[in-house]
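Residues 1 to 149 (full-length UniProt numbering) are what the sequence shown spells out, left to right.
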Amino acid sequence: MSHATNLAYSYPKSRFEPAVLVDLNSRVERERLSKAALTGFFKLAAAWQLRDDDARELLGGLSASSYYDWKKNPDRVLEVDRITRISYLLGIYKALHILYDDKLADEWVMLPNSNVIFGGRTPLACMLGGGLLAMQTVRKLLDARRGGL
């Protein structure tokens with residue numbers, strides 16, 4: 001096969017740079033990320049004015065005693081599922097603040113939404129009912145709106 005033929009099968013250059021993927025199965029990576037993730041989550045929960053029950057559900061159904069313990073002492077190692085949930089939620093928070101002014105960005109999850117994804121429900125209700133996959137969907141929607149996809 002000649003050099004010219006090989007070029008025909010190569011990918012064209014683009015501006016897309018893949019994100020460096022973090023191996024969340026690595027305890028070292030989870031140790032590195034967990035405290036910052038929890039600290040960010042509690043700030044997000046305050047900004048969105050989440051009820052503690054809703055915040056606990058977004059974290060994957062955390063007990064009340066664990067929730068308050070985590071809030072008091074966020075220095076712990078989270079499981080893959082919880083870090084993933086928090087990552088989606090922080091991405092949603094960031095995208096909202098890129099798209100909207102701070103007031104609307106923080107109220108958006110509580111506002112009824114006519115987008116077919118939500119069916120008139122609030123984005124929060126959608127995420128509470130649909131869990132991790134719903135969080136992923138909301139994140140993708142917002143990333144697409146801000147031109148991130």
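For every residue, glycine included, the Cβ atom is placed at its ideal position computed from N, Cα and C.
Interface flag, residue i vs chain C, CB-CB below 8 Å
i, result
"Thr137", "Note that chain C does not occur in the displayed structure, where there is just one protein chain."
As assigned by DSSP and simplified to three states, the class of residue i
i, result
"Asp143", "helix"
"Pro123", "helix"
"Val116", "coil"
"Asp106", "helix"
"Trp70", "helix"
"Arg76", "coil"
"Leu38", "helix"
"Leu133", "helix"
Cβ-Cβ distance between residue i and residue j below 8 Å
i, j, result
"Asp106", "Ala55", "no"
"Leu38", "Thr84", "no"
"Met135", "Leu104", "no"
"Asp77", "Ser34", "Asp is not the amino acid found at residue 77; the sequence shown has Val there. Going by C-beta atoms, Val77 is nearer than 8 Å to Ser34."
Endpoints, alpha helix (DSSP H) assigned at residue i
i, result
"Val80", "80-99"
"Leu59", "First-last for Leu59: undefined, no H or E at that position."
"Asp23", "Run containing Asp23: none; DSSP gives neither H nor E here."
"Arg51", "Run containing Arg51: none; DSSP gives neither H nor E here."
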